[in-house]
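The numbering of the sequence shown is the working numbering, which starts it at 13 and goes up by one. This report concerns only the one structure given below.
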Amino acid sequence: MKPDNQGVQAACHYLSQFSRDRVESHMNVYSNNANDMGEQQATHKHLLCNPPPSRLTEDEDVRAMLRGSRLCKIRSRTWQKERLYRLQEDACQSPASGGWCPACCWYFLSTHTWIHSYLHRADSNQDSKMSFKEIKSLLRMVNVDMNDMYAYRLFKECDHSDNERLEGSEIEEFLRRLLKRPELEEIFHRYSGEDRVLSAPELLEFLEDQGEDGATLAHAQQLIQTYELNETAKQHELMTLDGFMMYLLSPEGDALNPAHTCMFQDMDQPLAHYFISSSHNTYLTDSQIGGLSSTEAYVRAFAQGCRCVELDCWEGPGGEPVIYHGHTLTSKILFRDVVQAVRDHAFTLSPYPVILSLENHCGLEQQAVMACHLRTILGDMLVTQALDSQNPEELPSPEQLKGRVLVKGKKLPAARNEDGRILSDREEEEEEEEEEERVEAAEQKRQAKQISPELSALAVYCCATRLRTLRPAPVPPQPYQVSSLSERKAKKLIREAGNSFVRHNTRQLTRVYPSGLRMNSANYSPQEMWNSGCQLVALNFQTPGYEMDLNAGRFLVNGQCGYVLKPACLRQPDTNFDPESPGPPRTTLTIQVLTAQQLPKLNAEKPSSIVDPLVRVEIYGVPMDCARKETDYVLNNGFNPHWGQTLQFQLRAPELVLVRFVVEDYDTTSPNDFVGQFTLPLNSLKQGYRHIHLLSKDGASLSPATIFVHIRVQHSRGPD
Numbered sequence: 013m014k015p016d017n018q019g020v021q022a023a024c025h026y027l028s029q030f031s032r033d034r035v036e037s038h039m040n041v042y043s044n045n046a047n048d049m050g051e052q053q054a055t056h057k058h059l060l061c062n063p064p065p066s067r068l069t070e071d072e073d074v075r076a077m078l079r080g081s082r083l084c085k086i087r088s089r090t091w092q093k094e095r096l097y098r099l100q101e102d103a104c105q106s107p108a109s110g111g112w113c114p115a116c117c118w119y120f121l122s123t124h125t126w127i128h129s130y131l132h133r134a135d136s137n138q139d140s141k142m143s144f145k146e147i148k149s150l151l152r153m154v155n156v157d158m159n160d161m162y163a164y165r166l167f168k169e170c171d172h173s174d175n176e177r178l179e180g181s182e183i184e185e186f187l188r189r190l191l192k193r194p195e196l197e198e199i200f201h202r203y204s205g206e207d208r209v210l211s212a213p214e215l216l217e218f219l220e221d222q223g224e225d226g227a228t229l230a231h232a233q234q235l236i237q238t239y240e241l242n243e244t245a246k247q248h249e250l251m252t253l254d255g256f257m258m259y260l261l262s263p264e265g266d267a268l269n270p271a272h273t274c275m276f277q278d279m280d281q282p283l284a285h286y287f288i289s290s291s292h293n294t295y296l297t298d299s300q301i302g303g304l305s306s307t308e309a310y311v312r313a314f315a316q317g318c319r320c321v322e323l324d325c326w327e328g329p330g331g332e333p334v335i336y337h338g339h340t341l342t343s344k345i346l347f348r349d350v351v352q353a354v355r356d357h358a359f360t361l362s363p364y365p366v367i368l369s370l371e372n373h374c375g376l377e378q379q380a381v382m383a384c385h386l387r388t389i390l391g392d393m394l395v396t397q398a399l400d401s402q403n404p405e406e407l408p409s410p411e412q413l414k415g416r417v418l419v420k421g422k423k424l425p426a427a428r429n430e431d432g433r434i435l436s437d438r439e440e441e442e443e444e445e446e447e448e449e450r451v452e453a454a455e456q457k458r459q460a461k462q463i464s465p466e467l468s469a470l471a472v473y474c475c476a477t478r479l480r481t482l483r484p485a486p487v488p489p490q491p492y493q494v495s496s497l498s499e500r501k502a503k504k505l506i507r508e509a510g511n512s513f514v515r516h517n518t519r520q521l522t523r524v525y526p527s528g529l530r531m532n533s534a535n536y537s538p539q540e541m542w543n544s545g546c547q548l549v550a551l552n553f554q555t556p557g558y559e560m561d562l563n564a565g566r567f568l569v570n571g572q573c574g575y576v577l578k579p580a581c582l583r584q585p586d587t588n589f590d591p592e593s594p595g596p597p598r599t600t601l602t603i604q605v606l607t608a609q610q611l612p613k614l615n616a617e618k619p620s621s622i623v624d625p626l627v628r629v630e631i632y633g634v635p636m637d638c639a640r641k642e643t644d645y646v647l648n649n650g651f652n653p654h655w656g657q658t659l660q661f662q663l664r665a666p667e668l669v670l671v672r673f674v675v676e677d678y679d680t681t682s683p684n685d686f687v688g689q690f691t692l693p694l695n696s697l698k699q700g701y702r703h704i705h706l707l708s709k710d711g712a713s714l715s716p717a718t719i720f721v722h723i724r725v726q727h728s729r730g731p732d
């Protein structure tokens with residue numbers, strides 16, 4: 013640093029040395045007589061700003077502090093004054109008031125202790141000047157993730173000498189403006205008081221007000237050790253504003269409950285008791301008319317937590333079955349290559365079972381080839397017979413089927429239709445579709461063949477069966493029977509027989525797939541199907557949009573393993589739950605949208621283009637819970653816009669609710685542009701002051717873009 017900053021360096025050095033060599037001895041003496049930790053930490057804070065009498069003037073560092081250091085005081089971009097700050101023999105001296113300021117002394121010295129050490133390390137050529145490259149290095153060192161555009165703009169605003177270097181007061185200004193979060197300062201000071209540092213008991217009080225489960229003094233102490241940047245503060249179990257900010261920006265300060273990001277649910281219940289992440293036309297990377305088919309699409313689906321993939325199987329040359337979207341221009345891939353991709357990638361992210369949903373259009377000979385490939389390539393992964401401990405009255409659990417692959421397909425013997433032909437899985441519902449789909453269904457009828465015994469034998473727990481009625485049958489349906497429904501048929505059942513459909517789904521798996529009319533591979537909203545307990549709600553994973561945001565949000569929890577336990581009301585065989593009639597409101601969700609930070613720039617081609625952001629909160633659940641409310645927009649501010657607006661929602665079935673936070677760029681003449689979003693289950697949403705870390709359209713992180721909110725959830729009574 014520059015010679016003019018020797019006083020600050022001496023202060024930093026003195027503080028650490030004094031804390032180690034002198035203050036701690038006084039603290040140790042006091043701790044023997046203290047009644048509790050709160051009294052000890054109050055004394056720690058007092059002693060750091062009120063050192064005991066001694067002949068300190070003999071210390072060289074103290075003499076440098078007594079001489080003082082000239083610093084630049086900045087109130088605004090135009091008001092800047094140089095001031096002499098020095099240490100009096102019994103206090104910290106402010107030139108304006110001439111009075112004792114313990115809060116300023118501690119906070120000033122604490123901040124400069126860690127800032128100085130990092131500045132010294134980031135100054136690669138030790139010229140006491142910081143280039144933009146060195147500033148970026150500094151940001152990485154202090155774990156501040158900052159968008160390059162905003163960082164450089166702030167850098168230039170502080171570069172008053174206009175020489176692409178920051179020095180002295182310019183560095184100080186950059187750091188203070190970088191870390192400036194008035195809304196966090198207000199919260200911090202509310203708990204820290206005048207001394208501007210949080211003791212562990214004060215941090216505990218904040219955690220308790222946040223509604224943190226099991227908040228303890230030990231946990232508060234652990235947070236200080238993890239997130240506090242200043243070593244001296246850390247040694248005395250104190251948290252500065254900077255450490256507080258780091259904590260709130262960390263996963264522990266996130267809106268998503270960190271405990272829910274790990275495996276936390278019961279995985280020993282029958283498969284029918286879980287929502288299972290499912291893909292439609294998994295082989296496609298684009299539209300279902302002329303898109304590219306690829307094994308990489310399966311690899312990507314598994315990487316997104318998908319546990320049920322679709323294989324459209326057709327006759328191929330050389331006796332090898334192929335996969336593609338029949339009667340279209342989509343490219344073809346070999347069936348065996350897909351099975352190899354399943355073997356190599358199905359369990360990279362999740363250990364729980366994968367379901368291969370076969371849409372079979374092959375003749376008997378190539379069906380036998382398919383069965384051979386499945387057995388030889390998958391080996392012991394493939395389920396070929398019922399588990400020894402299987403209860404015939406219910407499906408096995410995900411835990412019992414860890415690392416296993418299930419085949420979903422037709423099984424012999426099976427009822428034939430009028431011409432003696434066995435229907436393909438998807439065709440059973442396509443026969444009931446509107447006139448527009450009859451042409452394709454008729455073509456499939458001509459191509460379809462009987463099911464080979466070899467392939468039939470592999471349908472053990474997922475036997476494709478037509479759902480003829482929801483009325484009680486003379487012989488109850490078996491749990492291993494799986495029905496495939498188009499979105500239209502599923503919606504009809506939800507409207508006309510809501511509770512009966514829910515009860516059906518407590519015992520059996522139901523797969524829902526997009527309408528054949530969605531030629532561009534668009535998706536339907538999966539929420540409506542989940543409301544009725546449908547487990548395999550299949551979406552086009554290659555098509556981004558709010559539908560895939562909801563899917564990602566639903567399966568964000570439980571270790572992203574692709575299995576999420578359904579709410580109790582969707583698991584009980586005698587449940588009275590009907591998504592169309594969920595009962596009165598019993599939960600109030602209140603979200604105060606406070607600020608946002610470093611929102612991405614949408615139009616990189618226009619340097620002058622700045623986001624006019626607004627925040628919308630969308631609720632997805634049973635129809636009576638679905639709602640959306642938004643803030644006003646803030647003109648020309650994507651760096652640190654402020655709203656302070658409150659949005660409130662009344663919820664009838666909170667256990668099914670997904671909350672989607674959306675940021676848009678307001679436009680008066682055209683639809684708003686999407687900036688970012690984050691979706692998560694209400695039951696995994698933490699209360700209190702939280703950061704929402706935004707994602708892009710395709711689910712990628714937009715770090716460091718965040719929304720800062722306060723969340724409150726009030727239940728009038730527990731869930732059914």
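The beta carbon of each residue, even a glycine, is placed where N, CA and C say it ideally should be.
Within 8 Å, strictly: CB atoms of residue i and residue j
| i | j | result |
| --- | --- | --- |
| residue 587 | residue 483 | no |
| residue 591 | residue 700 | no |
| residue 642 | residue 626 | yes |
| residue 538 | residue 562 | yes |
| residue 8 | residue 305 | Because the chain here runs from 13 to 732, residue 8 falls outside it and cannot be looked at. |
| residue 577 | residue 281 | yes |
| residue 594 | residue 634 | yes |
| residue 397 | residue 472 | yes |
| residue 262 | residue 295 | no |
| residue 575 | residue 279 | yes |
Buried/exposed call for residue i, threshold 16 Cβ in 10 Å
| i | result |
| --- | --- |
| residue 198 | exposed |
| residue 233 | buried |
| residue 529 | exposed |
| residue 384 | exposed |
| residue 348 | buried |
| residue 580 | exposed |
| residue 573 | buried |
| residue 723 | buried |
| residue 170 | buried |
| residue 137 | exposed |
| residue 372 | buried |
| residue 596 | exposed |
| residue 337 | buried |
| residue 376 | exposed |
| residue 285 | buried |
| residue 728 | exposed |
| residue 274 | exposed |
| residue 254 | buried |
| residue 250 | buried |
Residues that DSSP places opposite residue i in a beta bridge
| i | result |
| --- | --- |
| residue 295 | BP columns for residue 295 are empty, so no partner. |
| residue 688 | 675 |
| residue 658 | 604 |
| residue 421 | 475 |
| residue 286 | 577 |
| residue 321 | 368 |
| residue 331 | Answer by DSSP bridge pairing: none, since residue 331 is not bridged. |
| residue 266 | 703 |
| residue 720 | 607, 703 |
Residue from the options whose Cα sits closest to the Cα of residue i
| i | options | result |
| --- | --- | --- |
| residue 650 | 614, 418, 559 | 614 |
| residue 414 | 693, 283, 422, 513 | 283 |
| residue 500 | 527, 489, 624, 214 | 527 |
| residue 497 | 645, 190, 652, 525 | 525 |
| residue 378 | 178, 332, 396 | 332 |
| residue 267 | 715, 708, 694, 726 | 694 |
| residue 506 | 269, 491, 522, 360 | 522 |
| residue 465 | 208, 541, 422, 479 | 422 |
| residue 219 | 495, 176, 624, 203 | 203 |
| residue 213 | 229, 207, 205, 225 | 229 |
Could you pull out every unbroken beta strand (DSSP E) segment of at least 3 residues lying fully inside the stretch 616 to 642, listed in chain order?
-> 625 to 632, 639 to 642
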